[in-house]
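So that you can map any letter, position 228 of the sequence shown is 244 in the working numbering, and since no number is skipped, the others follow by simple counting. Built from N, CA and C at the ideal position, the CB exists for glycine as well. Keep in mind that this is a model prediction, so the values were computed, not measured.
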Amino acid sequence: LFSSVEQGPPIEVFAVNKAFLDDTHPAKVNLSVGAYRTEECKPWVLPVVRDAEKRLAADDSLNHEYLPVLGLESFTQAATSMLLGGSECVAVAEGRAFGIQTLSGTGALRVGAEFLHRQLGYQTFYYSNPTWENHGLLFKNSGFTDARTYRYWNAKTRSIDFDGMYEDFENAPDKSVLILHACAHNPTGCDPTKEQWSKLAQLLKSRPSLFIFFDSAYQGFASGDLERDAYAVRYFAQEGFEFMCSQSFAKNFGLYNERIGNLTLVLRNASQVTPVKSQLTLIVRAMYSTPPNHGARIVSLVLNDPTLYEQWKQCIQTMSSRIKQMRLGLRERLEKLNTPGSWNHITEQIGMFSYTGLNPDQVAHIVSQHHVYLLKSGRINMCGLTTGNLDHVANAIHDAVTK
Ligand code: PMP
Numbered sequence: 017l018f019s020s021v022e023q024g025p026p027i028e029v030f031a032v033n034k035a036f037l038d039d040t041h042p043a044k045v046n047l048s049v050g051a052y053r054t055e056e057c058k059p060w061v062l063p064v065v066r067d068a069e070k071r072l073a074a075d076d077s078l079n080h081e082y083l084p085v086l087g088l089e090s091f092t093q094a095a096t097s098m099l100l101g102g103s104e105c106v107a108v109a110e111g112r113a114f115g116i117q118t119l120s121g122t123g124a125l126r127v128g129a130e131f132l133h134r135q136l137g138y139q140t141f142y143y144s145n146p147t148w149e150n151h152g153l154l155f156k157n158s159g160f161t162d163a164r165t166y167r168y169w170n171a172k173t174r175s176i177d178f179d180g181m182y183e184d185f186e187n188a189p190d191k192s193v194l195i196l197h198a199c200a201h202n203p204t205g206c207d208p209t210k211e212q213w214s215k216l217a218q219l220l221k222s223r224p225s226l227f228i229f230f231d232s233a234y235q236g237f238a239s240g241d242l243e244r245d246a247y248a249v250r251y252f253a254q255e256g257f258e259f260m261c262s263q264s265f266a267k268n269f270g271l272y273n274e275r276i277g278n279l280t281l282v283l284r285n286a287s288q289v290t291p292v293k294s295q296l297t298l299i300v301r302a303m304y305s306t307p308p309n310h311g312a313r314i315v316s317l318v319l320n321d322p323t324l325y326e327q328w329k330q331c332i333q334t335m336s337s338r339i340k341q342m343r344l345g346l347r348e349r350l351e352k353l354n355t356p357g358s359w360n361h362i363t364e365q366i367g368m369f370s371y372t373g374l375n376p377d378q379v380a381h382i383v384s385q386h387h388v389y390l391l392k393s394g395r396i397n398m399c400g401l402t403t404g405n406l407d408h409v410a411n412a413i414h415d416a417v418t419k
């Protein structure tokens, strides 16, 4: 029976990560998989997460009963407030915004996509070119039949192709879902400006059959400021849009393997909340029945406890400022080496990734000759850089560009 199964294509990011792990060279550097690393190049359990875990372990009132299908309410409410800004958000105050707990950001996108396809009949979705590699697969597997891209990256200017994006949205057929990165666009690290978000909002107001699906995987992690990283989502809520937003707590809490996420829905009318929740319940029930507990308890405890919350904000500051330092360090070194091309985009981009502009040939050279692992697109995870390996990486880039 199984002899008819063809080998599927590898998932690039995991394949590159494996190649790094298999490499025995002492100076190897991993800039592939999107996870935070300390200055010692080690994974980081946020101290606030350790504290929360200790408190949870000591709490004898907690047990391992099933959570409700739509998750832990103290978590979903806190996560939705973190995204939308609490009761100062009119949709929250009017009871027409709510969240459901999901299996990290991916799970939120998947549940949302299934709902849009099954309940509202959407077939077409747009993702940015380029985007996080899972958007396409995930929407297709949710039943969407028409995958399209919108222009996003201008390789010449190494910045957003805003006119292209705008034009593609203008020309999108009715009933399309538009996936928009809420902040720290993966992989380019380039977000629209406030003015550009406002232009998009004006356009989308005139195209009410287009549905906005924000993907927020880096709130707080990107700039260190939770409000700033939620700007676009809050602005669209304030402008009266209906939308969904997936939230991941993988990066900003360092809870990658706990699979903790939230899907926020902002509706126009509070009376629609109950039926929409009932349909989401059926989707989740058939998919994994109920979500896991551990990450939800940690995030809920931290977001609802003023002292832990302040401690957490310090942790995201630590992560985002280390990334900014690494951006500066890499740019300075490349400029000092007089590496051909301009490198200002490295400090202008934000978040975990930088889209270096290196071509696949140069990438292959860097990997094979210098043991520095990155994606074919030239995307690098800034967190893989440390003061100790910056010179090695800068020299590798210089060598590839000038060879
Ligand atoms: N969206 C984007 C843009 C991402 O970069 C990521 C993480 N790589 C995710 C969603 C979801 O990640 P997770 O499922 O681990 O929360």
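Cβ-heavy atom distance, residue i to ligand 1, below 7 Å
i	result
THR165	no
ASP231	yes
VAL192	The sequence shown places Ser at residue 192, rather than the Val named in the question. No - ligand 1 has no heavy atom lying nearer than 7 Å to the Cβ of SER192.
SER144	no
TYR325	no
GLY87	no
ASN187	no
TRP148	yes
HIS197	yes
ASN397	no
GLY270	no
SER120	yes
ASN278	no
Pairwise C-alpha distance: residue j and residue i
i	j	result
ARG223	TRP213	15 Å
ASP245	TYR304	30 Å
ARG164	LYS191	13 Å
ARG66	ILE176	39 Å
HIS386	TRP359	20 Å
ALA94	THR40	44 Å
LEU374	ILE299	42 Å
TYR371	ILE362	8 Å
ASN309	LEU78	10 Å
GLY236	GLN23	39 Å
LEU136	ARG347	47 Å
ASP184	HIS197	16 Å
LYS215	PHE369	26 Å
THR209	SER20	50 Å
PHE155	SER262	13 Å
Own chain partners of residue i with C-beta closer than 6 Å, once the 5 adjacent residues on each side are dropped
i	result
THR306	TYR82, LEU83, VAL85
LYS392	PRO376, VAL379
VAL292	none
ALA233	GLY121, SER264
LYS267	TYR234, PHE237
Own chain, CB closer than 8 Å to residue i, minus 5 neighbours either side, in chain order
i	result
THR418	THR355, PRO356
LYS70	none
PRO189	THR140
ASN145	THR165, TYR166, ARG167, TYR168, TRP169
Anticipated Cβ contact below 8 Å, residue i with residue j, distance rounded
i	j	result
SER239	SER336	6 Å
VAL249	ARG112	At roughly 15 Å, the Cβ-Cβ gap does not stay under 8 Å, so VAL249 and ARG112 are not in contact.
TRP328	VAL64	5 Å
ASP207	GLY121	With 8 Å as the limit, ASP207 and GLY121 do not qualify as a contact, their Cβ atoms being about 17 Å apart.
THR118	LEU279	5 Å
PHE91	ALA302	In fact, because the Cβ distance is near 22 Å, the residues do not count as touching under 8 Å.
VAL289	PHE114	6 Å
Sequence-distant residues of its chain with Cβ nearer than 7 Å to residue i (five each side left out)
i	result
THR297	VAL85, LEU86
SER158	ARG126, ALA129, GLU130, HIS133
VAL61	GLY270
ALA68	ILE314, LEU317, VAL318, LEU324
PHE252	ALA217, ILE228, PHE259
VAL32	SER48, TYR389, LEU391
**Study point:** Meets three-Cβ-pair contact criterion under 8 Å: the region 41 to 50 and the region 387 to 399
**Key:** yes
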